[in-house]
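Chemist:
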Amino acid sequence: MRRFPDPDPGNPDHRSPTSYLLWLAAYQRNALFAGALYGIVHVVAQALVPAAVGKAIDTGIIARDQRALLLWGGAVVVLGVVQATAGILRDRAALTTRLGASYRTAQHIARQAARLGAALPKRVAKGEIVNAGVVDIGRLGDALAETARGSGAIVAIAVVAAILLHTSWQLGLVVLLGVPLMVGVVSLLLRPLHRRQQRLREQQAELTGRAVDIVSGLRVLRGIGGEEVFADRYRADSQRVRAAGVAVARVEALLDGAKVLLPGLLTTVVVWLGAHYVATGRMGAGQLVAFYGYAVFLVDPLRRLTNAAGRLTQGHVAARRITAFLALRPEFAPSAVAPASYQGPAPLTDPASGLTVAPGRFTAVACASPADAATLAARLGRYTDSAVTLGDTPLADLPPDEIRRRILVADNDDRLFAGPLREELRGRGSDAEPGGRGRGAGRGGRGCGVGLVGRGCDAALERAVDAACARDIVEALPDGLDDLVEESGRNFSGGQQQRLRLVRALMADPEVLILIEPTSAVDAHTEARIAHGVGELRAGRTTLVFTTSPVVLDRADHVVYVQGAKAVAQGSHGDLLTDVRYRSVVAREETE
Numbered sequence: 259m260r261r262f263p264d265p266d267p268g269n270p271d272h273r274s275p276t277s278y279l280l281w282l283a284a285y286q287r288n289a290l291f292a293g294a295l296y297g298i299v300h301v302v303a304q305a306l307v308p309a310a311v312g313k314a315i316d317t318g319i320i321a322r323d324q325r326a327l328l329l330w331g332g333a334v335v336v337l338g339v340v341q342a343t344a345g346i347l348r349d350r351a352a353l354t355t356r357l358g359a360s361y362r363t364a365q366h367i368a369r370q371a372a373r374l375g376a377a378l379p380k381r382v383a384k385g386e387i388v389n390a391g392v393v394d395i396g397r398l399g400d401a402l403a404e405t406a407r408g409s410g411a412i413v414a415i416a417v418v419a420a421i422l423l424h425t426s427w428q429l430g431l432v433v434l435l436g437v438p439l440m441v442g443v444v445s446l447l448l449r450p451l452h453r454r455q456q457r458l459r460e461q462q463a464e465l466t467g468r469a470v471d472i473v474s475g476l477r478v479l480r481g482i483g484g485e486e487v488f489a490d491r492y493r494a495d496s497q498r499v500r501a502a503g504v505a506v507a508r509v510e511a512l513l514d515g516a517k518v519l520l521p522g523l524l525t526t527v528v529v530w531l532g533a534h535y536v537a538t539g540r541m542g543a544g545q546l547v548a549f550y551g552y553a554v555f556l557v558d559p560l561r562r563l564t565n566a567a568g569r570l571t572q573g574h575v576a577a578r579r580i581t582a583f584l585a586l587r588p589e590f591a592p593s594a595v596a597p598a599s600y601q602g603p604a605p606l607t608d609p610a611s612g613l614t615v616a617p618g619r620f621t622a623v624a625c626a627s628p629a630d631a632a633t634l635a636a637r638l639g640r641y642t643d644s645a646v647t648l649g650d651t652p653l654a655d656l657p658p659d660e661i662r663r664r665i666l667v668a669d670n671d672d673r674l675f676a677g678p679l680r681e682e683l684r685g686r687g688s689d690a691e692p693g694g695r696g697r698g699a700g701r702g703g704r705g706c707g708v709g710l711v712g713r714g715c716d717a718a719l720e721r722a723v724d725a726a727c728a729r730d731i732v733e734a735l736p737d738g739l740d741d742l743v744e745e746s747g748r749n750f751s752g753g754q755q756q757r758l759r760l761v762r763a764l765m766a767d768p769e770v771l772i773l774i775e776p777t778s779a780v781d782a783h784t785e786a787r788i789a790h791g792v793g794e795l796r797a798g799r800t801t802l803v804f805t806t807s808p809v810v811l812d813r814a815d816h817v818v819y820v821q822g823a824k825a826v827a828q829g830s831h832g833d834l835l836t837d838v839r840y841r842s843v844v845a846r847e848e849t850e
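Here this note's numbering is used: the first residue of the sequence shown is 259, the next is one more, and so on.
Here it is as C-alpha cells:
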C-alpha cells in the first residue's frame with residue numbers, strides 16, 4: 259500500500275487551515291468517497307419514497323388497481339431497505355473518516371512535540387497542547403465526517419428539485435429559489451460564528467493552561483498562602499470564557515432557529531401551492547401527498563447542509579490552531595550525520611561558562627543561582643544551542659539520537675509513567691534488544707544498563723534500587739517491583755518519586771549522566787547513602803550532579819562553583835570551603 263506523505267509545515271501550501279483540511283481529506287479519500295457515495299444512495303432512496311407513495315395512491319388506491327398497489331408498495335419496501343443499508347454503510351464510512359483524521363492529527367501533534375523537545379514549554383502553553391490533543395482533533399474529524407451527510411444532502415435537494423420541476427415547474431422553481439436563499443441567510447451567520455469560536459478557543463486554551471499550572475503547583479501555592487489569589491484569577495478567567503461561550507451560543511441559537519424556521523417556511527409554501535393546484539384540478543391527490551412528502555423531506559437535507567457548514571467552520575478554527583503549532587520550528591537545526599572521528603568517552607566542555615566535566619569522574623557543580631544549573635544542564639544536554647563539545651567534537655555536529663544515547667539529563671520535572679514498576683525502571687526496550695532505548699529514562703539514554711537482559715538486567719535493577727536508596731519503597735509495595743505505577747506516579751510521595759526517577763536514570767547507564775538536585779526531597783541520612791551508592795555504581799563512568807548539598811559535594815571527586823553562569827572556582831569540597839562565596843551557598847550562610 260502506498261503511504262501518503264505527511265504534510266510539510268515548511269511548505270507554504272501546507273500552512274493554511276484549508277490546505278490542512280484538504281490534506282486530511284486526501285489522506286482519507288477512500289473512506290471519504292465511500293461515505294459520500296453511500297450518503298447519496300441513502301438520500302436518493304429516501305427522496306424517491308414520496309414519489310412511490312404518490313404513485314401507489316393514484317394508480318393503486320384511487321384507480322382501484324391491486325396489482326399497481328402491490329407494485330408500488332413493494333417499491334416503497336425496497337427503497338426502505340436500500341435506505342437503511344446505505345445509511346449504515348454511510349455511518350461506518352463517516353466514523354472511519356472521523357477516527358482516521360483525528361488519530362492522524364494526534365500523530366502529527368505528538369511528532370511535533372517530540373521534534374520540539376525541550377523547546378516545547380518555551381513555545382507553547384500546556385493548555386494549548388491539551389486543547390489541541392483533546393478538542394481540536396475531534397472537531398477536525400467531525401468536519402470531515404460531516405461531508406458524507408452534506409454531499410448526500412446536496413444531491414437530495416437536486417433530485418427533489420428535478421422531480422418537482424418535472425411535475426410542476428412552478429413548485430420546482432420555488433424550491434430552486436428557496437434553497438439558495440436559505441443557504442445565503444445561514445452563511446451570514448457563519449462568519450460571526452467563526453470569529454467568536456476562534457476567540458472562545460483561544461480563551462479556553464489560556465484557561466486550561468492556568469488550570470494545569472495551578473494543579474501542578476498546588477502544594478507550593480498552599481505553602482506560601484497563594485491559593486486564594488490564584489483561585490480569584492482562575493475565577494476571573496473562567497468568567498471571561500463563559501462570556502465568550504455565551505457570545506458563541508447566541509449565534510448558534512440564531513443558526514439553530516434558522517435551521518427550523520427557513521425549511522418550515524419553504525415547506526409551508528410548497529404545501530400551500532400544491533393544495534391550490536389540487537383544488538383547481540391541476541394536480542391529483544397522490545401528487546399532493548408526494549409533494550407534501552417532498553416538502554417535509556427537504557427539512558432534513560437542508561438541516562444536514564447547515565450542520566455540515568457549522569461543522570466545517572469549527573473544523574477550520576481547529577485546523578488554524580493545529581497548523582500554527584505544526585509550523586513551529588526547533589530552536590536549532592540538528593546535525594544529520596555523526597562524524598566518523600568521534601570515539602569517546604571524552605570530556606564534556608562548555609566554553610561559555612568554562613565548565614569542563616572530566617570523563618570517568620564524579621563531578622559536582624554548586625551554582626549560586628538555581629537558574630544557572632538549569633541553563634548549564636540544557637547546554638550540556640544539547641537542549642539549547644551552544645558551543646559545548648564532547649571531546650573535540652561539537653555537540654552541534656552530532657545527530658540528536660547520538661547525543662541522547664551518550665548524554666542523559668535527569669531532573670525533578672521528569673515523570674513516572676503508568677504501568678508495572680519493573681518495566682518503568684528498566685525501560686520498555688530492555689527485553690527486546692540489548693541496549694535498546696527504553697521509555698521514560700529522563701531525557702535520553704538506553705534501557706537496562708549496558709545491554710543486560712533477563713536475570714542480568716534484574717541484577718542491575720536491584721543494584722540501582724540499592725544505590726538510589728529505594729529498597730524501602732519497593733519492599734513496601736504489595737507486589738514489589740511488579741506493582742503498578744499510577745499515572746504520573748501519584749501513588750508515591752515526592753521523595754519516593756525522586757528516588758525512583760534516580761533508579762531509572764541509573765538503569766539507563768549513559769556515557770554521561772547529568773543529575774539536577776537528585777536528593778532535594780530526601781533527608782540528610784538518605785542523601786548520604788544515595789551519594790555513596792551513586793558514586794560506587796557509576797565508578798569509571800562520567801557523572802555530573804548539580805547540587806548545593808554539602809553531603810553530595812563532599813562525596814564528589816571534583817567540585818566546580820558557578821556564579822553568574824561562569825565557573826569561578828574548582829577543587830575538592832574541603833578546599834572550596836575556604837572560599838566565602840562557595841561557603842555561603844553550600845552552608846546557607848547569610849552574607850552582608
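Where is the CB? At the ideal position from N, CA and C, for every residue including glycine.
Everything numeric in this text was worked out from a predicted model, so none of it was measured.
Give the DSSP-derived three-state secondary structure of Asp724 in the structure shown.
Modeler: Looking at Asp724 - three-state DSSP - the assignment turns out to be helix.
Chemist: Using three-state DSSP, classify Thr836 as helix, strand or coil.
Modeler: Looking at Thr836 - three-state DSSP - the assignment turns out to be coil, as it is neither helix nor strand.
Chemist: Are the region 566-586 and the region 274-287 touching by the rule of at least three beta carbon pairs closer than 8 Å?
Modeler: Yes, since at least three Cβ pairs between the region 566-586 and the region 274-287 fall closer than 8 Å, the two stretches touch.
Chemist: Would Leu465 pass as a contact of Val499 if the rule is Cβ separation under 9 Å?
Modeler: Yes, the pair counts as a contact, with Cβ atoms nearer than the cut-off.
Chemist: So, does the region 740-747 touch the region 640-654, judging by three or more C-beta pairs under 8 Å?
Modeler: The region 740-747 is not in contact with the region 640-654.
Chemist: Taking the alpha-carbon positions, what's the Arg673 to Arg759 distance?
Modeler: If I take the Cα positions, the gap works out to 8 Å.
Chemist: Under the rule that 16 or more other beta-carbon atoms within 10 Å means buried, what is Pro776, buried or exposed?
Modeler: The residue in question, Pro776, is buried, as its Cβ has 16 or more Cβ neighbours within 10 Å.
Chemist: Pick from Gly542, Asp558, Val528, Arg796: whose alpha carbon is nearest that of Asp815?
Modeler: Asp815 has its Cα closest to that of Arg796, out of Gly542, Asp558, Val528, Arg796.
Chemist: Nearest by alpha-carbon distance to Gly649: which of Ala622, Pro603, Ala636 is it?
Modeler: Taking only the C-alpha atoms, the option nearest Gly649 is Pro603.
Chemist: For Gly503, which residues of its own chain have a beta-carbon under 7 Å away from its beta-carbon, when the five flanking residues on both sides are left out?
Modeler: Leu458.
Chemist: With 16 as the cutoff for other CB atoms within 10 Å, does Gln324 come out buried or exposed?
Modeler: Burial call: exposed.
Chemist: Less than 9 Å separating the beta-carbons of Asp669 and Ile774?
Modeler: Yes; because the gap between Cβ atoms is below 9 Å, this pair is in contact.
Chemist: To which residues of the same chain is Gln572 closer than 8 Å at the C-beta, ignoring the five residues directly before and after it?
Modeler: So the qualifying residues of the chain are Arg397, Asp400, Ala401, Gln455.
Chemist: List the endpoints of the continuous beta strand (DSSP E) containing Leu279.
Modeler: From DSSP, Leu279 is part of no beta strand (DSSP E) but of the alpha helix (DSSP H) over 275-285.
Chemist: At what residue ranges does the region 344-427 contain a whole run of the alpha helix (DSSP H), taking only runs of 4 or more?
Modeler: If we require 4 residues or more, the alpha helix (DSSP H) runs fully inside the region 344-427 come out as 378-381, 384-389, 395-425.
Chemist: Can you tell me where the beta strand (DSSP E) holding Ile661 begins and where it ends?
Modeler: Unbroken run through Ile661 is the alpha helix (DSSP H), 658-664; no beta strand (DSSP E).
Chemist: Please name the residue or residues paired with Gly677 in a DSSP beta bridge.
Modeler: Val743.
Chemist: Please return the same chain residues whose Cβ sits closer than 7 Å to the Cβ of Leu337, not counting the five positions on each side in sequence.
Modeler: Result list for Leu337: Ala303, Leu306, Val307, Ala310, in chain order.
Chemist: From Gln497 to Ala284, what distance separates their C-alpha atoms?
Modeler: Distance between the alpha carbons of Gln497 and Ala284 is about 40 Å.
Chemist: Identify the residues that DSSP records as bridge partners of Asp608: which are they?
Modeler: Asp608 pairs with Leu613.
Chemist: Excluding the 5 residues flanking Arg381 on each side, which residues of the same chain have their C-beta closer than 6 Å to its C-beta?
Modeler: Leu586, listed in sequence order.
Chemist: When DSSP labels each residue in this structure, what does Pro588 get in the three-state scheme?
Modeler: Coil at Pro588, not helix or strand.
Chemist: Give the secondary structure of Tyr552 by DSSP, where H, G and I count as helix, E and B as strand, and everything else as coil.
Modeler: If DSSP states are grouped into helix, strand and coil, Tyr552 belongs with the helices.
Chemist: How close, in whole Å, do the beta carbons of Val527 and Val418 come, if the pair is a contact with beta carbons under 8 Å?
Modeler: Wrong, their Cβ atoms sit about 14 Å apart, outside the cutoff.
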